Amino acid sequence: MLIAEGDQDRTLFILESGSVSLAQKTDNGEQKLGTIGAGDVVGEFAFIDERPRSATVTIGETAQLLKLDHAKVMRTLVDTPEALAELLQALANRVTLRLRSYMSEQSVQNELSKVSGISDAPAGKTGDAYLEELIDEALAHPAVSHPYLNDLAQGNLPDLKWALCDFATQYPGYCAHFPRYLTMVISKLDSPKHRMTLMQNLIEESGMLDDEEIEVLVEHGIDPDWVQGIPHPKLFERFQHAMGVHDTHEQADDVLEVVCWRESFYHLLSNGSPAEAVGAIGLGTENIVNKIYTPIIRAIERLGTLDREQYVFFELHCEVDDDHHEALLAIASDFADDRQNCIDLRKGMLKALGLRAMFWDWMYDRARHREPCA
316 MLIAEGDQDR TLFILESGSV SLAQKTDNGE QKLGTIGAGD VVGEFAFIDE
366 RPRSATVTIG ETAQLLKLDH AKVMRTLVDT PEALAELLQA LANRVTLRLR
416 SYMSEQSVQN ELSKVSGISD APAGKTGDAY LEELIDEALA HPAVSHPYLN
466 DLAQGNLPDL KWALCDFATQ YPGYCAHFPR YLTMVISKLD SPKHRMTLMQ
516 NLIEESGMLD DEEIEVLVEH GIDPDWVQGI PHPKLFERFQ HAMGVHDTHE
566 QADDVLEVVC WRESFYHLLS NGSPAEAVGA IGLGTENIVN KIYTPIIRAI
616 ERLGTLDREQ YVFFELHCEV DDDHHEALLA IASDFADDRQ NCIDLRKGML
666 KALGLRAMFW DWMYDRARHR EPCA
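When we follow our numbering, the leftmost residue of the sequence shown carries the number 316, and every step to the right adds one.
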């Protein structure tokens, strides 16, 4: 056996010859999914975003494989961004092809169709002035000022601890896949400068911070040892465990609302134009991180049972993601001189915000009615 379903491992395998077989557990026992032949890869999902292994892989008698350790690859290619970009683009293409076998196109489109209609950019509006308007529009969106976030921060829920435990259970089904989102956007960008900027963000998602970022953390009273070298999904896991939430990977995947948000967002990035993808992950996501995580921090502080190291995931993103936000704004600015790109930037932004707002609606309903965790 090469890979066991459910394992936590980020090794990527390249099949040089022979074949491997895939199988997955079902209620009726193990189901064979098929085979992968020479020239293909195995383990690309876990390599990109650290998800648990989704299937068991068994090696054929004549198979020969090349093993690529995630940490070693990232360290080796950090100074050769062009090679890293080529690897990420190839993996993103494989992920896209396999993703479409997990969720129907119609299911994804149904979710996107729930997002409010998007009008064109005002006549004559382009450039940085238009970009500033988009930033303000995003920050005023219900996804940012949602009553769910406000009531968490104020403690105005029937059971604040339950609500935070529910958040700790459901949210990783989306946020733990952020490296996959970044990889897809990188694969769509033509500019080497743009790709290198997002690759730096991707490296930081793996827990590798530079001296300047460490300085920022120290200034805010965050011990670098809490975060340095620790992938962001592991930091969120630390928060989960501090809240008493354990073994949630499979549970989160089973909740349709979380799956629809995650895969609809990924579909938006993979099928939209480059400008739309930048609008979604930049203006509609990184742009609002500070505003949506601050209420979560206030709620945790109000609960009063966790220390800063246990919820450092949120403070890290509030402080370091300011740089990510500025970097993505610089990329968006390069797109904003073209009118069609302006339309697409706004389209991607509003779709991303609309999907998040629908998720908050669902979470708010659960928190107010205190339903059992899924």
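All residues carry an ideal CB built from backbone N, CA and C; glycine is no exception.
Everything numeric in this text was worked out from a predicted model, so none of it was measured.
Residue 328 places its beta carbon 7 Å or farther from that of residue 387. Residue 504 is not a Cβ neighbour of residue 610, given a cutoff of 7 Å. Separation of residue 653 and residue 448 (C-alpha to C-alpha, rounded to the nearest whole angstrom) is 16 Å. Straight-line spacing of the CA atoms in residue 685 and residue 539 works out to 37 Å. Residue 550 has its alpha-carbon roughly 13 Å from the corresponding atom of residue 560. Listed in chain order, the non-local C-beta contacts of residue 457 below 7 Å within the same chain comprise 672, local neighbours out to five positions each way being set aside. Judged by DSSP secondary structure, residue 615 falls within the alpha helix (DSSP H) whose first and last residues are 604 to 618.
Residues 506, 509 of the same chain have their beta carbon placed closer than 8 Å to that of residue 649, with the five preceding and five following residues left out of the count.
DSSP places residue 352 in the uninterrupted beta strand (DSSP E) bounded by 344 to 352.
Residue 519 carries a helical assignment under DSSP once its states are collapsed to helix, strand and coil. If you draw a 10 Å sphere on the C-beta of residue 571, you find fewer than 16 other C-beta atoms in it, and that means exposed. Residues of the same chain with a CB within less than 7 Å of the CB of residue 333, apart from the 5 flanking positions on each side, are 353, 375, 377, 378, 379 in chain order. Residue 667 sits close to residue 595, with the two beta carbons spaced by under 7 Å.
Membership of residue 498 in any beta strand (DSSP E) is not indicated; the residue belongs instead to the alpha helix (DSSP H) covering 493 to 503. Distance from the Cα of residue 581 is smallest, within the candidate group 481, 677, 663, 321, for 663. Cβ atoms of residue 330 and residue 357 come within 8 Å of each other, at about 6 Å. The Cβ atoms of residue 536 and residue 522 lie no closer than 7 Å to each other. Our two residues, residue 657 and residue 651, have alpha carbons roughly 5 Å apart in a direct line. Taken atom to atom, the span from the alpha-carbon of residue 647 to that of residue 665 is near 15 Å. Secondary structure note for residue 383: it is in no alpha helix (DSSP H), and the uninterrupted beta strand (DSSP E) holding it is 379 to 383. Nearest neighbour of residue 321 by Cα position, chosen from 367, 542, 445, turns out to be 367.
Distance from the Cα of residue 360 is smallest, within the candidate group 474, 492, 626, for 492.
Contact holds between the stretch 607 to 621 and the stretch 460 to 467, because three or more Cβ pairs, one in each stretch, are under 8 Å apart.
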